[in-house]
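Asker: Just add 6 to wherever you are in the sequence shown, counting from 1, and you've got this note's numbering.
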Amino acid sequence: MTKRGLRMQQIREILRLHYEGGRSAREIARAYGVSHTTVGDVVGRFERTGQSWPVPADQTDTALARLLYPGNLGRPRVRPEPDWATIHQELARKGVTLQLLWAEYREVHPTGLGYAQFCEKYRAFHRTVDYVMRKVYQPGEYCFVDYAGPTLPVVDPGTGEVQPGQIFVAVLGYSRYTYVAVHPQQTTAWWIRGQVDAFAYFGGVPRIVVPDNPKPLVTRAERFDVTLNRTYQAFGEHYGVAIIPARVRAPKDKAPAEAGVLLAERWILARLRHERLLGWDAVHTRVATLLEVLNARPFQKLPGSRQSLWRDHERTALTPLPPTAFVDQRGRAAKVPPDYHVEAEHAYYSVPYTLVGQAVEVRITAATVEVFHDRQRVASHPRRPAGHHATVVAHMPPAHQAVQRGGDLDALQRRADAVGPHTAALFAAWLAQARVPQQIFRRCQGVLGLVPRFGAGIVEQAAARALRAGSPSYGALAAFCQAEAAAADAPAAGTAGAHANVRGRSYYTATPEAPPAEGSS
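#1: Do the region 343 to 352 and the region 206 to 221 meet, that is, are 3 or more Cβ pairs less than 8 Å apart?
#2: Nearest to residue 392 by CA position, among 156, 354, 245, is which residue?
#3: If residue 150 sits next to residue 240, beta carbons under 8 Å apart, how far is it from one beta carbon to the other, in whole angstroms?
#4: So which of 167, 152, 153 has the shortest CA-CA distance to residue 159?
#5: Could you name the residues of the same chain whose beta carbon sits closer than 8 Å to that of residue 473, not counting the 5 residues immediately before and after it, in chain order?
#6: For residue 125, which residues in the same chain have their Cβ closer than 8 Å to its Cβ, ignoring the five residues on either side in sequence?
#7: Whole angstroms are fine: how far does the CA of residue 53 sit from the CA of residue 74?
#8: Compare the beta carbon distance of residue 365 and residue 379 with 9 Å and say whether it is the shorter of the two.
#9: Enumerate, from N- to C-terminal direction, the unbroken alpha helix (DSSP H) stretches of 4 or more residues contained entirely within the region 244 to 296.
#10: With residue 221 as the anchor, note down where its alpha helix (DSSP H) starts and where it stops.
#11: Suppose you measure from the CA of residue 297 to the CA of residue 287; what does that come to, to the nearest Å?
#12: So what does DSSP say about residue 40, is it helix, strand or coil?
#13: Scan the region 177 to 216 and note each continuous alpha helix (DSSP H) run of 4 residues or more that stays entirely inside, going in chain order.
#14: Classify residue 563 as buried or exposed, calling it buried when 16 or more other Cβ atoms lie within 10 Å of its own Cβ.
#15: Okay, do the region 452 to 468 and the region 486 to 497 touch, 3+ Cβ pairs below 8 Å being the bar?
#16: Do residue 162 and residue 185 have their beta-carbon atoms positioned less than 9 Å apart in this structure?
#17: Reducing DSSP to helix, strand and coil, say where residue 401 ends up.
#18: Taking all protein chains shown into account, decide if residue 383 is buried (16 or more other Cβ within 10 angstroms of its Cβ) or exposed.
#19: Rounded to the nearest angstrom, how far is the Cβ of residue 111 from that of residue 88, given a contact under 8 Å?
#20: What are the boundary residues of the beta strand (DSSP E) that residue 307 is part of?
#21: Quick one: residues in its chain with C-beta nearer than 6 Å to the C-beta of residue 483, no 5 flanking neighbours on either side, listed in chain order?
#22: In whole angstroms, what separates the C-alpha of residue 502 from that of residue 485?
#23: So, with DSSP's three-state summary, where would you put residue 99?
#24: Work out the CA separation of residue 313 and residue 300 for me, nearest whole Å.
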């Protein structure tokens, strides 16, 4: 019969629509939520009684039902039905079909529902399940990530400044097991940090991650093609996960994330609305506590909870975590310059000299800088401050390696020592700042070339001044030497331009003689 059992008053309405309304069995079935075979059975039973329509006005619904179903005291036979919520969950398992579930049901109830009725009843149940449960996900298959719109105020305990905390949400597709965290920003680094922490919380990695199309993750989003940020792409490769952003303006593609955000707003943000949270540590502790409560809440229309579904079915279906967590890497393309040092965050790092002129990818982390060519790592350096250089001798051509080993550098330094301590200190500072020694050879040689022109004393004074000024260029140092030499060659004050016809300064500054006394001769 029908999933919910055919009620006696429905029998009269089915017959009325059939004989008076001229409706088909399928139209009547849709109107009353029964199968079309049930409608046909009711009409057939009525016709086999030999009674004509309409029935007598005084014939009750009970009497009409008893006429059609005399062996069941006038009531349609009600067959045992399975737990449709359990059927719904089982159907999400890989390889499980309605036909298999019906066969297992008939093994327990041989006189139970037929296959057509079984399917019809399940579809009717499926329409009553919450919207986000309509799409069936396999365990361990999908993870949906997003940020909530509302924020959580976080108070700096030192300054009292309030910063809006961004609510990150990750939801597993099958179990709806949810991870929630609070971040200071929605940058690329924090998007990835949230997913790294979510995988650790889930105890494994899903096969597919579905984010939205945020600018920190997606470089270009077109209808049929999406280009991911280099760092986000590297994150996906590290975990072996496929990243499939949702379509633009298609929230149904990430319905579990939308539902997860709504749950986070209701069961975490709303619970914290009256609390003053001092510092990020306090925020993380409170959110983690409320998150456990959220995941343990029983489903309204399905057995169990998010936590129990994850524990019993999805946790083992996730891919194991890699040995090391992903480290945020900011990547960019670069072309290797002639000095075989690529720039990263205003510092310079060497690569093999054979790559000069070729395209490479520079990946920057908090502690390291790595350079890749043709997807192969060719260099790795610890991070250096801006303006500094990191050079590996093996990256240098043979001629430069020979220089690096010593000879010419020692000769330059000895010549600088002969000029004076300031010149020697200046050369040492230039060598420490150079990407490779060859970069400052000519500069040092130029300074030494000033000694025959201006003398060691003036060059030493210029070197001292250069050290105080932060090691300026060779041009500034040479200009200083030129100025000092010009000043030394200038005539002393009061003698410049001396000539018999020139009165000179004394003429205008001398005290005039007193006039002769009256009466003197």
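Note that beta-carbon positions come from the ideal geometry of N, C-alpha and C, so glycine has one too.
Predicted model, so just to flag it, every value in this text is computed and none were measured.
Answerer: Let me spell this out:
#1: Segments in contact, no.
#2: Ranking the options by Cα distance to residue 392, first place goes to 354.
#3: Not really, about 21 Å apart at Cβ, beyond 8 Å.
#4: Closest option to residue 159, Cα to Cα, is 167.
#5: These residues qualify, in order along the chain: 428, 431, 432, 435.
#6: For residue 125, same chain residues with a beta-carbon under 8 Å away, outside a window of 5 residues either side, are 104, 108 in chain order.
#7: Straight-line measurement puts the Cα of residue 53 at about 9 Å from the Cα of residue 74.
#8: Contact check for residue 365 against residue 379 passes: the beta carbons are separated by less than 9 Å.
#9: Runs of the alpha helix (DSSP H) inside the region 244 to 296: 261 to 270.
#10: Residue 221 -> no alpha helix (DSSP H), and no H or E assigned at all.
#11: One alpha carbon belongs to residue 297, the other to residue 287, and they sit about 15 Å apart.
#12: It is coil, neither helix nor strand.
#13: The region 177 to 216 contains, as complete alpha helix (DSSP H) runs of 4+ residues, the segments 194 to 208 (chain order).
#14: No answer is possible for residue 563: it lies beyond the span of the chain, which begins at 7 and ends at 527.
#15: By the Cβ criterion, the region 452 to 468 is in contact with the region 486 to 497, since at least three pairs of Cβ atoms, one from each stretch, lie closer than 8 Å.
#16: Against a cut-off of 9 Å, the Cβ pair of residue 162 and residue 185 comes out as no contact.
#17: Helix at residue 401.
#18: Taking all protein chains in view, the Cβ of residue 383 is surrounded by fewer than 16 other Cβ atoms within 10 Å, so the residue is classified as exposed.
#19: Between residue 111 and residue 88 a beta carbon distance of about 5 Å is seen, short of the 8 Å cut, so the two are scored as contacting.
#20: Per DSSP, residue 307 is not a residue of any beta strand (DSSP E), being assigned neither H nor E.
#21: Same-chain partners within the cutoff: 468, 472.
#22: Annotation note: pLDDT 48 at residue 502 (below 50); position unreliable, coordinate value reported separately. Residue 502 and residue 485: Cα-Cα distance of roughly 25 Å.
#23: In the structure shown, residue 99 sits in coil (DSSP, three-state: anything other than H, G, I, E or B).
#24: Between residue 300 and residue 313, the C-alpha separation is close to 9 Å.
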